[in-house]
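One structure is given below, encoded as structure tokens.
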Amino acid sequence: MSEEHPIQDLMTTALDSIKDMVDVDTIIGEPIETPDKTTIILPVSKVGFGFASGGSEFDNSSGSNDSDSSSQSLPFGGGAGGGVSITPIAFLIVRPDDIQMVHMNDQTHLMEKLLELAPMAADYIKGFIQNQSGHNSNQSNAQQGPPPSAPEQS
61 MSEEHPIQDL MTTALDSIKD MVDVDTIIGE PIETPDKTTI ILPVSKVGFG
111 FASGGSEFDN SSGSNDSDSS SQSLPFGGGA GGGVSITPIA FLIVRPDDIQ
161 MVHMNDQTHL MEKLLELAPM AADYIKGFIQ NQSGHNSNQS NAQQGPPPSA
211 PEQS
């Protein structure tokens, strides 16, 4: 029979609270219908969340090496926290003849593209640097000439 560790309670409580805040209606909001009933507007948001937890157990024994000490519950200190960021980014406008995405801020769209390209740019730069260092080491080896061969023994 295993006992739950106190950090599990902290994590469960924090994650349940975040789960209650973030659902599908948070990302794609409630539909808004125009008075003439021909257009439906859906707000679109970007949702980000973070979560952290940690804890420690404190040994309250004063140097005693009892075999019972491993089975005893140690004093515990810990904490957990989380945060949610909801940023409205666009509206999806649905009409009988077309569907249109209207970004609230063109810079938001641009920033999203830049963030998507950042890992690819970092990989490109890393590869370029590695190629340059490999190219430089090949040049220095060529300038030094081939390594001297060992004298033949007969």
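With the working numbering, the residue at position 82 of the sequence shown is 142, and numbering never jumps. Glycine residues also receive a C-beta, built at the ideal position from the N, C-alpha and C atoms. Keep in mind it's a predicted model, so treat the numbers as computed, not measured.
If you reduce the DSSP assignment to three classes, tell me which class residue i lands in.
{"i": "Met-71", "result": "helix"}
{"i": "Met-164", "result": "coil"}
{"i": "Thr-147", "result": "strand"}
{"i": "Pro-103", "result": "strand"}
{"i": "Glu-93", "result": "strand"}
{"i": "Phe-188", "result": "helix"}
{"i": "Glu-176", "result": "helix"}
Apart from the five residues on each side of it in sequence, which residues of its chain come closer than 7 Å, Cβ to Cβ, to residue i?
{"i": "Pro-103", "result": "Gly-89, Pro-148 and Phe-151"}
{"i": "Arg-155", "result": "Thr-98 and Thr-99"}
{"i": "Met-161", "result": "Ala-150 and Leu-152"}
{"i": "Ile-146", "result": "Thr-86, Ser-105 and Val-107"}
{"i": "Gly-114", "result": "Gly-138 and Gly-139"}
{"i": "Gln-192", "result": "none"}
Below 8 Å CB to CB, which residues in the same chain sit around residue i once its five sequence neighbours on both sides are set aside?
{"i": "Val-144", "result": "Ile-78, Met-81, Val-82, Val-107, Gly-108 and Phe-109"}
{"i": "Gly-142", "result": "Ala-74, Leu-75, Ser-77, Ile-78, Phe-109, Gly-110, Phe-111 and Ala-112"}
{"i": "Ser-116", "result": "Phe-136, Gly-137 and Gly-138"}
Does the beta-carbon of residue i have 16 or more other beta-carbons within 10 angstroms, so that it is buried, or is it exposed?
{"i": "Ser-214", "result": "Low confidence applies here, because Ser-214 scores a pLDDT of 48, under 50, leaving its location unreliable and the question unanswered by this model."}
Sorted by chain position, which residues of the same chain lie with C-beta nearer than 6 Å to residue i's C-beta, five sequence neighbours on each side aside?
{"i": "Pro-179", "result": "none"}
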